[in-house]
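Protein chains in written order, with the working numbering: chain X, 164 to 482; chain S, 164 to 482; chain U, 231 to 584; chain W, 231 to 584.
Ideal Cβ placement from N, Cα and C applies to all residues, glycine included.
Worksheet: the structure to be examined is printed underneath.
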Amino acid sequence: MNGPSSIDVTVRLYRSLRLIRRVEEVVAEIYPSDKIKSPVHLSIGQEAVAVGVCDTLRADDVVSGTYRSHAAYIAKGGDLKAMFAELYGKATGCAGGKAGSMHLIDMGHNILGSSAVVGTTVPIALGYAYAIRRRGEDRVVVAYFGDGATEEGVFHESLNFAALKQLPVLFVCENNQFAIHQPLEKRWATDRLCERVETYGISAKKFADSNVESIRTHTQGAIAEMRAGGGPAFMECVTYRWREHVGPGEDYDAGYRDRTEYEAWSDKDEVARLGAALGENRRADIDAEIEQQIAEAVEFAESSPFPAIEELHTHVFAG
Amino acid sequence: MNGPSSIDVTVRLYRSLRLIRRVEEVVAEIYPSDKIKSPVHLSIGQEAVAVGVCDTLRADDVVSGTYRSHAAYIAKGGDLKAMFAELYGKATGCAGGKAGSMHLIDMGHNILGSSAVVGTTVPIALGYAYAIRRRGEDRVVVAYFGDGATEEGVFHESLNFAALKQLPVLFVCENNQFAIHQPLEKRWATDRLCERVETYGISAKKFADSNVESIRTHTQGAIAEMRAGGGPAFMECVTYRWREHVGPGEDYDAGYRDRTEYEAWSDKDEVARLGAALGENRRADIDAEIEQQIAEAVEFAESSPFPAIEELHTHVFAG
Amino acid sequence: MSSPAETDRVVTYVDALLEGMAQEMRLDDDVFVFGLDVDDHKGIQGSTLGLVDEFGADRVFTTPLSEDAMTGVAIGAAIAGMRPVHVHIRMDFLMLCMNQLVNMASKSHYMYDGQVTVPMVVRAMIGKSWGQGAQHSQGLHSLLMHIPGLKVVAPSNAYDAKGCLTTAIRDNNPVIFVEHRLLYYTDAYVPEESYTVPFGRARTVREGGDITIVGVSNMLVECLRAQELLSEEGISAEVIDPVSLVPLDIETITASAARTGRLLVVDNAWTNCGASAEIVAGVMERTDRPIMARRMGYAPTTCPTTPVLEDEFYPNPVTIAEKAHAMVRPHAADWRPDPERAKLAYQAQFRGPF
Amino acid sequence: MSSPAETDRVVTYVDALLEGMAQEMRLDDDVFVFGLDVDDHKGIQGSTLGLVDEFGADRVFTTPLSEDAMTGVAIGAAIAGMRPVHVHIRMDFLMLCMNQLVNMASKSHYMYDGQVTVPMVVRAMIGKSWGQGAQHSQGLHSLLMHIPGLKVVAPSNAYDAKGCLTTAIRDNNPVIFVEHRLLYYTDAYVPEESYTVPFGRARTVREGGDITIVGVSNMLVECLRAQELLSEEGISAEVIDPVSLVPLDIETITASAARTGRLLVVDNAWTNCGASAEIVAGVMERTDRPIMARRMGYAPTTCPTTPVLEDEFYPNPVTIAEKAHAMVRPHAADWRPDPERAKLAYQAQFRGPF
Ligand SMILES: Cc1ncc(C[n+]2csc(CCOP(=O)(O)OP(=O)(O)O)c2C)c(N)n1
Ligand SMILES: Cc1ncc(C[n+]2csc(CCOP(=O)(O)OP(=O)(O)O)c2C)c(N)n1
Ligand SMILES: [Mg+2]
Ligand SMILES: [Mg+2]
């Protein structure tokens with residue numbers, strides 16, 4: 164990757180951040196209409212982790228994520244129309260309506276299917292990376308997961324195996340400090356995660372505030388090493404989920420966290436910061452394009468048909 | 164525990180080491196007769212890990228182990244007759260013949276049931292420790308497991324939980340450097356296990372050569388802290404299995420390891436070293452007692468009846 | 231839902247669970263409840279709400295996302311004489327617990343020849359609707375039923391929910407406690423005082439002579455509606471709730487099926503090697519009378535998310551009544567009740583997101 | 231063991247597995263085999279022996295003790311277009327893989343609407359004898375049969391072992407490949423060249439008119455011996471090997487049972503919600519002829535270690551023949567063949583430790 168001029172990068176990052184933010188806000192707006200009958204886990208506030216990493220990827224690189232994957236899906240270039248149609252349960256959805264928000268996939272853009280069971284996709288990313296290595300390709304796999312996933316045994320098994328086999332996997336922990344409503348203190352004996360990961364011989368770096376450019380710059384280096392045959396790397400990106408765990412609303416009145424936390428994070432909102440950096444005109448143009456793109460995607464979803472009943476029985480087994 | 168005089172300790176340690184060694188040698192001698200119809204995993208060469216730790220325990224402390232648990236069972240004071248009878252599949256066995264060598268248990272001596280599935284007993288030890296803590300007791304639980312078990316996700320989940328809840332658990336990794344025939348290099352990305360454990364806030368210490376006295380001294384300190392309300396601690400004891408993974412024989416001709424490794428370890432054999440330290444007469448007396456004790460246990464097993472057929476259906480459900 | 235209680239207190243399933251839990255915790259200090267999110271402000275849809283305030287964080291606590299180890303913790307605590315209740319907000323997550331449940335919990339009492347007992351309860355909720363989809367909707371109870379040493383119970387109503395939970399907690403064996411999320415807001419007469427519902431005794435909820443319909447968990451509710459629709463057609467269906475699946479009261483079901491000559495088993499699960507297969511096979515082994523037997527359950531597919539397909543995935547009062555009708559009157563014209571009349575209150579009430 | 235091959239080459243089950251594996255690896259560079267100890271000097275009792283020498287450590291490798299993650303690795307590699315064969319020396323260890331198998335492997339093709347396929351094979355060996363005991367002897371195939379999207383196959387002889395392994399590797403779905411350890415040294419005619427055995431087609435191994443006996447995995451061998459003993463008594467048993475359990479050729483079994491009027495299903499597993507329950511229920515749903523049906527399998531207990539109890543735990547030719555006899559001649563005096571005559575070569579041969 165030759166470095167594009169800095170302003171181009173900012174435009175690209177902003178466009179992606181803003182697109183994700185607006186898509187999810189639109190999802191939240193639509194949600195009360197009951198048109199989207201599937202649990203949605205929004206990433207509003209966490210966009211920089213998806214964007215900073217994915218911006219450095221080639222089209223043939225692979226990402227793998229969780230039920231909270233709208234952001235990574237969009238950042239990696241997943242088809243937006245197919246995503247909205249999927250949320251609507253339509254035949255034109257990225258999985259024909261069978262998946263819903265929690266199981267987005269777009270293999271055409273090398274987005275592996277996401278999963279509603281925490282931690283399950285991490286070793287699957289490794290398997291994909293094994294195939295890449297076996298075939299002598301220089302592609303890489305990015306595995307996204309939450310802070311909660313690091314508590315599952317499979318996460319540790321995966322770290323050990325990735326390091327043992329020197330697989331081209333970038334582990335990205337989106338540490339939004341909560342698993343549902345449970346703060347880290349009730350789940351982690353200590354917060355020395357990166358240190359722990361390093362004991363596997365995996366280089367690890369923690370980002371205290373999800374600055375999109377720092378994430379991007381670091382990822383570039385990590386991935387360059389990986390393409391050159393280096394082993395796995397790890398990033399822990401501290402971030403904050405602005406909305407409730409699942410669903411469109413806010414839940415600062417629920418008692419498990421304080422609105423002041425949100426305010427501190429929204430003060431350093433990356434979408435706003437990059438937007439401001441672009442200047443009013445350029446930003447407005449991009450925003451308009453984005454609104455247009457989203458409107459088209461929603462319209463596509465609205466006007467698409469539901470799958471035929473016979474679809475219930477297709478794809479149980481592959482031929 | 165008031166420190167007994169040093170010679171008493173040596174006598175006790177030797178007696179235990181020697182008893183384990185001889186029991187297992189006798190098991191190996193009997194084995195070809197097919198009287199023991201159950202896979203046996205001998206600890207010959209590894210006795211110091213069982214003895215050094217268990218010597219510091221009170222009768223009401225608890226140990227938990229693996230299918231390779233003859234040593235811990237004996238070191239903790241498990242009933243020897245019941246053990247031999249169990250290996251013979253007799254009604255008088257510690258589990259009425261239903262368990263065999265891989266599932267030894269003696270709740271009367273606070274020896275939790277061992278398991279043939281690697282890693283399974285580790286979280287169970289935690290649960291027992293939770294109960295101890297809940298009841299305000301100052302007992303501790305020692306969880307033995309092999310180097311292979313540390314690769315299972317449940318091991319990491321257990322470390323985190325034990326540290327989070329500050330449970331009175333002493334984790335003891337019997338690192339004999341092999342899982343069946345696979346050396347560490349094929350299974351561990353690095354050997355920085357203790358360092359990793361410390362990132363959970365658990366104090367960890369590695370013993371490069373399973374010196375029984377070093378293990379014992381360290382354990383004393385660790386357990387004293389735990390009784391005073393401290394959290395879990397971890398020990399990695401490097402050791403060496405002299406016999407084949409399962410069964411009575413040696414297997415240095417199999418190609419996966421070299422007899423010179425064995426020779427190096429047998430040069431620092433703790434049984435021999437402590438025996439020599441005691442002096443010929445005292446040692447001979449102890450040895451004679453041990454032979455007598457084993458002979459009685461074998462005789463007990465030989466002369467005991469097999470369980471009645473109806474036993475097949477007892478204890479499926481507890482009343 | 232009718233239930234044999236002598237009380238006029240109407241309580242929802244979720245409140246019955248909560249009440250049963252709290253009562254046992256008051257009675258026995260060794261009872262504790264843990265699992266992801268049991269202590270948050272949602273309290274497992276309300277079924278553990280407030281327990282932490284009354285009993286403290288030592289007895290009511292969330293855990294790290296570590297289902298495998300936490301199951302081991304439950305076993306270890308149970309062996310030490312406590313009575314853990316381990317809660318899972320989706321049964322699908324039990325797949326992470328299988329090693330401990332199958333290889334340790336079920337076997338310890340036997341393998342160690344009675345030296346230990348493992349009195350633990352695993353509460354597992356089955357999800358449905360609102361696009362819960364492939365991994366948040368599975369009823370996997372038959373996997374546990376297969377393993378000797380585990381008890382499995384699936385209360386279909388608030389009365390049984392409380393009584394079975396009490397029985398489960400007092401039982402000296404691992405008990406898998408199957409809850410269906412759509413039942414949570416159904417209500418029944420539930421006595422305030424503590425009581426037990428015995429395992430291994432099926433309940434004949436409606437008597438009838440033309441066909442025996444067995445409904446497992448929430449499917450009992452759907453079968454009851456089907457029974458009403460059938461009765462309007464002059465078909466008299468006997469409806470049986472097994473209540474507990476292990477031990478299973480196969481005798482009551484067999485006696486009924488032998489009498490009616492027809493057996494339809496409806497489970498909230500796949501049928502292949504499912505509870506429904508067991509019930510059909512168990513009945514067939516016990517009688518030489520020819521019995522027409524059929525099973526209904528999930529479509530033999532993964533559960534899709536989109537409502538148009540999800541609706542087809544599950545049995546419902548219409549398809550149950552239709553199937554029963556065809557069994558009783560094989561030569562009559564096809565009949566299918568009006569779907570509008572077959573809607574269940576509990577389904578209409580339910581609304582996402584969650 | 232008879233088999234339909236036109237060859238006079240006699241090969242053991244274990245060598246057939248090895249040969250089938252090697253041939254597929256030669257044909258397709260995307261095939262690889264991994265799992266604990268596949269590359270050591272014992273090579274999974276010989277079934278993977280030497281593969282690492284021919285194909286190298288990239289395609290034949292042991293793993294850390296991390297069954298959960300390794301199952302995910304197989305799925306990921308399969309999604310990437312490879313064809314992993316993941317080997318477990320005991321089926322009991324699959325309990326650590328259930329989350330990946332049930333929640334991911336089985337569902338990915340469907341949940342992602344065909345965008346991915348998961349062509350992987352999970353080889354799982356069932357142990358028996360020599361005090362394998364509670365946790366090293368379980369046949370848990372019904373747990374996998376319950377889940378749509380997984381295929382399950384249980385070859386009973388060397389011919390099917392090789393042919394089914396080839397079919398499994400080429401199949402585009404996750405296939406659970408059930409092997410019984412006691413079959414490893416049984417032999418059959420096995421062609422040298424590569425061939426496939428189709429899934430979903432049962433094999434009628436012996437024809438008979440009095441009773442239909444279905445034997446799963448190694449139980450087929452035990453049923454064949456029972457059939458011989460029965461025939462000496464003038465009872466003619468039809469013996470069927472389902473070969474694959476998912477898809478299951480229930481039609482062939484049903485047709486036979488409808489003809490003989492009697493069905494005995496013998497599985498190397500527990501019967502509760504087991505493959506035997508499925509076969510009985512499936513037959514009953516498909517025929518209105520009255521059929522006397524019975525199941526045999528493990529005793530409803532954990533497997534004990536001591537030989538005196540272990541012997542009682544399993545069906546064997548004596549108990550199978552006795553049960554079949556009682557079904558065919560319910561009013562005759564009890565009959566039980568001489569146990570000495572019912573010993574199977576494969577059992578006598580087997581000797582611990584291992
Ligand atoms: C194995 C498993 N256990 C429990 C759950 C229930 N659950 C859904 S999301 C979630 C929290 C996960 O937290 P984290 O990994 O930090 O991701 P986040 O939601 O914060 O993005 C939990 C516990 C699940 N889906 N899977
Ligand atoms: C979960 C599980 N996986 C695999 C096995 C097969 N197995 C039996 S012993 C063993 C090696 C374990 O090595 P380690 O933990 O180091 O103990 P050691 O035998 O060296 O004492 C393996 C892989 C098993 N019993 N359980
Ligand atoms: Mg989180
Ligand atoms: Mg070892």
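Going by Cα to Cα distance, which pick from U:Ile509, U:Asp267, U:Thr301 and U:Ile521 is closest to Ile470 of chain U?
U:Ile509
Helix, strand or coil for Glu468 of chain W per DSSP?
strand
Would you give the residue range spanned by the beta strand (DSSP E) that Met398 of chain X belongs to?
Ala396 to Val401
Beta carbons nearer than 9 Å to chain U: which residues of the stretch 281-300 of chain S have them?
Gly282, Thr283, Thr284, Val285, Pro286, Ile287, Ala288, Leu289, Gly290, Tyr291, Ala292, Tyr293, Ala294, Ile295, Arg296, Arg297 and Arg298
Just checking my contact of Ala354 of chain U with Ile305 of chain U at CB under 8 Å: how many whole Å lie between their CB atoms?
Their Cβ separation, rounded to whole angstroms, is 16 Å, which puts Ala354 of chain U and Ile305 of chain U out of contact at 8 Å.
For Pro569 of chain U and Val548 of chain U, I'd like the C-alpha separation in whole angstroms.
6 Å
CA nearest to the CA of Val589 of chain U, picked from U:Tyr243, U:Ala523, U:Ala487 and U:Ser386
Given a span of 231 to 584 for chain U in the structure shown, any question on residue 589 of chain U remains unanswerable.
Which stretch, first to last residue, makes up the alpha helix (DSSP H) that contains Met341 of chain W?
Ser338 to Met341
Contact criterion: CB-CB distance below 8 Å. Does Ser278 of chain S meet it with respect to chain U?
yes
Is there a Cβ from chain U that is less than 8 Å from the Cβ of Val214 of chain S?
no
Give the single residue among X:Ala211, X:Ser196 and X:Gly393 whose Cα lies nearest to the Cα of Trp428 of chain X.
X:Ala211
At what residues does the beta strand (DSSP E) containing Asn338 of chain S begin and finish?
Val332 to Asn338
In chain order, what residues of the same chain have a beta carbon less than 8 Å from the beta carbon of Phe324 of chain S, not counting five sequence neighbours either side?
Pro286, Leu289 and Leu330
Secondary structure at Arg175 of chain S, three-state DSSP: helix, strand or coil?
helix
Could I get the ranges of all uninterrupted alpha helix (DSSP H) runs contained in the stretch 256-298 of chain X, with 4 residues as the minimum, in chain order?
284-297
Please classify Asn444 of chain X as buried or exposed, where buried requires at least 16 other C-beta atoms within 10 Å of its C-beta.
exposed
Length of the line joining the Cα atoms of Asn374 of chain S and Val216 of chain S
11 Å
Taking a contact to mean a Cβ-Cβ separation below 8 Å, would you say Ile183 of chain X touches Ala234 of chain X in this structure?
yes
For the alpha helix (DSSP H) holding Glu452 of chain S, just list the boundary residues, first then last.
Glu443 to Ser466
Any Cβ of chain U within less than 8 Å of the Cβ of Pro520 of chain W?
yes
Secondary structure at Tyr576 of chain U, three-state DSSP: helix, strand or coil?
helix
So which residues of chain W does Ser321 of chain X contact, with C-beta pairs closer than 7 Å?
Ala299
Start and end of the beta strand (DSSP E) containing Met522 of chain W?
Met522 to Met526
Tell me the residue span of the beta strand (DSSP E) that contains Ser474 of chain U.
Ser474 to Val476
At a CB-CB cut-off below 8 Å, which residues of chain S make contact with Ile480 of chain U?
The premise fails here: Ile480 of chain U is roughly 17 Å from chain S at the closest Cβ pair, so nothing lies under 8 Å.
Check whether Glu422 of chain U and Thr442 of chain U have beta carbons under 8 Å apart
no
Residue-chain proximity (Ala245 of chain X, chain W), Cβ-Cβ < 8 Å:
no
Host alpha helix (DSSP H) of Thr434 of chain W (start-end)
Element bounds for Thr434 of chain W: not the alpha helix (DSSP H) but the beta strand (DSSP E), Arg433 to Arg436.
When Cβ atoms are compared, which residues of the stretch 335-349 of chain W fall closer than 8 Å to chain U?
Ser336, Lys337, Tyr340 and Met341
Could you name the residues of the stretch 197-209 of chain S whose beta carbon sits closer than 7 Å to any beta carbon of chain W, in the order they occur along the chain?
Lys200, Ser201, Pro202 and Val203
In chain X, which residues lie less than 7 Å from Gly393 of chain S when you measure between Cβ atoms?
Those do not exist, as Gly393 of chain S stays about 14 Å from chain X at its closest Cβ, beyond 7 Å.
Taking 8 Å as the CB-CB cut-off, is Met164 of chain S touching chain U?
Its pLDDT being 38, under 50, Met164 of chain S is placed unreliably by the model, and nothing is read from it.
Do we get a CB-CB distance below 8 Å when we pair Ile472 of chain S with the residues of chain W?
yes
Quick one: is the Cβ of Ala518 of chain X within less than 7 Å of any heavy atom of ligand 1?
One cannot answer for residue 518 of chain X here, as it falls past the ends of chain X, which runs 164 to 482.
Could you check the C-alpha separation between Ile199 of chain S and Gly412 of chain S for me, to the nearest Å?
14 Å
In its own chain, which residues sit with a C-beta less than 7 Å from the C-beta of Ser169 of chain X, not counting the 5 before and 5 after it?
none
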